[in-house]
Structures are given as C-alpha cells and as structure tokens.
Amino acid sequence: MAQRPRPRTVSALTEDLRRLGVRPGDLLMVHASLRAVGPVEGGADGVIDALETAIGPEGSLLVNVGVLDDCAWVNERPESERAALLEGSESFDTRVAAADPDNGVLAEVFRRRPQTLVSDHPEGRFGASGPLAEELIEQVPWHDYYGPNSPLERLVRADGRVLRLGADLETMTLLHYAEYLACIPDKRRVRRHRLVAGANGPELRVIECLDDCDGIVDYPEGDYFGLLLEDYLRTGRAIVGKVGGATSELIEAVDIATFATTWMEEHF
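Printed below as a string of structure tokens:
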C-alpha cells in the first residue's frame, strides 16, 4: 500500500509563497484548490496561517466567500412567482450563513476565523482580514456588487494582487469587475430576489446586476473566463511557480483588470 504524503509544514508553505513573490504588506485576493496544494499541517487553517505569515501583520487577505443558497433555483422562475416561492425559506444572515461550496473549503474556513470580517451581501459576499479588511468590505453596493465601489474595485485601487493556488482557469472573480469596465453594448443583466434578515424579520429584496452566472454575452467558444485567463498567462506577465503541490500564479490586479477589459472589448 502506497504511503500517504507527509503534510507540509506551515513554514515550508510560507517559504513557497515567498519564493513565488508574496511580500510582507501585500494585499492578496486568494483562490485556492486545497487538493492541488496537497496535505498541509492544520489543513485549510494551515494554508491561511502560511498566507498570513508571508504577508505579515501589515498585509491583508480578501476571499470571495459567497453564500450557500438552497433557493437559488427560485430566481430561474418568473419574477411574479418568486415572492411566494421564497416565503417561509431561511433568510440570509451574514453572521451565520455558510460560504458557497463552489468557492472551495478555504472560503468557509476563512469565513469562520475570528479575525475575518464578512460583508453583508447575499450575492457578492467577501471575507477580509488584516489592516485593510474594513476598508475593503464596508458599505458594499447592493446592486452591481462586483462593479464600481465594490471590493473588487477597491482591490484594484489599493494595488492588490490575485494569488491563485492551483485554482481552475474559470476561477477568477476579478474578471467580473472587468465586465463592468468593458464598453460593450447590450450587456446581459439580471434581477434576483433574496430573502434577507431585517430588523423586523425577513425582508424580500431585489438585486440588479450584470449576469455573473451565465455571462454578460453569449460567447460561441464557451466559458470566456477560462479563455481570457489562458491568453493572459501566455503573455508571461503573471509570476508562476509551485506552492506546495499546486501550480500557482501571482497576478497584479490592475494589470489583469486592464487586460480583461480590452480582451472583452475585442472579442465580444
């Protein structure tokens, strides 16, 4: 029987991050596949410990947390039916709502850590830690939550970086911000109904935004996020290396946002 690999230590993972180019004081938006990284002492907490050690006390982390929403199907039904379909369902409360499983195990573990602040939004929900945490997630826009004044725009303005630890090519939340920047006619928009916890009980609220599920346009070649990121990586502007067992990329947020905006304008 093959022996299971010995878990990497937090200090070894920290060294990997530093070799990749992570610096003390960095603001990092993190996407991670723990399976790709491989076993680490402490599991997801150990990975976060390594990230925090690499950026030091002056650094900050941002993670797309999202929400586990068992009623997402309701927003595929006609608007006139949604209020009745949501009646009696669990209302969103950011203090207790679990992270979206599609965002990976690290998102939920990060959400639960004592030092993490979590934005109060049932769709564009982020967690942040470090000196910039409150600045990144306070008073997020209700509509167009990935657009102007969103945590994504704040990441770009603060000269943040995106760290992808073995994440799928389609996993790049910052590209949603570029969808707002790109000058493209007839971008697809959606209206979603959510039940949220209010001062006097559950409240039905409507959220309007660009379509961040099926895309702002119909693109014949499929999921354009993956294609866009492939083209960006081919430019050689990302720093690429190994963190644990994961092929990882470190990307300047302003650079990928600018590249993605131009790419969309040229391809759509």
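With this note's numbering applied, the sequence shown covers 14 to 281.
For each residue, glycine too, the CB sits at the ideal point set by N, CA and C.
Bear in mind that the values here come from a model prediction, so they are computed numbers and not experimental data.
**Cβ-based burial, H44 [other Cβ within 10 Å; buried from 16]** = With 16 or more Cβ atoms within 10 Å of its Cβ, H44 is classed as buried.
**Message:** For T22, which residues in the same chain have their Cβ closer than 7 Å to its Cβ, ignoring the five residues on either side in sequence?
**Reply:** Taken in chain order, the residues that qualify are E54.
(request) Inspect the beta-carbon positions of I68 and P37 and report whether they are closer than 8 Å. (result) yes
Coil, strand or helix - G214 by DSSP: strand
**Prompt:** On the three-pair Cβ rule with 8 Å, is the region 132-142 touching the region 228-243?
**Reply:** no
- Query: Does the distance from the C-beta atom of P52 to that of P18 stay below 8 Å?
  - Reply: yes
(Q) My assumption, with CB atoms under 8 Å, is that A191 sits in contact with A273. Please give the rounded CB distance. (A) Yes, A191 and A273 are in contact; Cβ-Cβ is about 4 Å, under 8 Å.
**Report entry** Where I61 falls: helix, strand or coil (DSSP)
**Finding:** helix
Worksheet item: In this structure, does DSSP put G179 in helix, strand or coil?
Response: The three-state reading of DSSP puts G179 in coil, since its state is none of H, G, I, E or B.
Using the Cβ count rule (16 or more neighbours within 10 Å means buried), how would you classify S46? buried
Label D83 either buried or exposed according to how many other C-beta atoms from any shown protein chain fall within 10 Å of its C-beta, with 16 as the threshold for buried.
exposed
Task: Segment contact, 8 Å Cβ cut-off, at least three pairs: the region 207-222 with the region 250-265 - done: These segments do not touch.
**Prompt:** For N162, does the count of other Cβ atoms within 10 angstroms reach 16, so buried, or fall short, so exposed?
**Reply:** exposed
Worksheet item: Per DSSP, what kind of secondary structure is F123 in: helix, strand or coil?
Response: helix
Please state whether DSSP places S280 in a helix, a strand or coil. Note that residue 280 is His in the sequence shown here, rather than Ser. Reduced to three states, the DSSP call for H280 is helix.
Own chain residues within Cβ distance below 7 Å of I269, not counting five before or after: Cβ neighbours of I269 beyond the five flanking positions: V175, L187 and Y245.
* Asked: Does the beta-carbon of W276 have 16 or more other beta-carbons within 10 angstroms, so that it is buried, or is it exposed?
  -> buried
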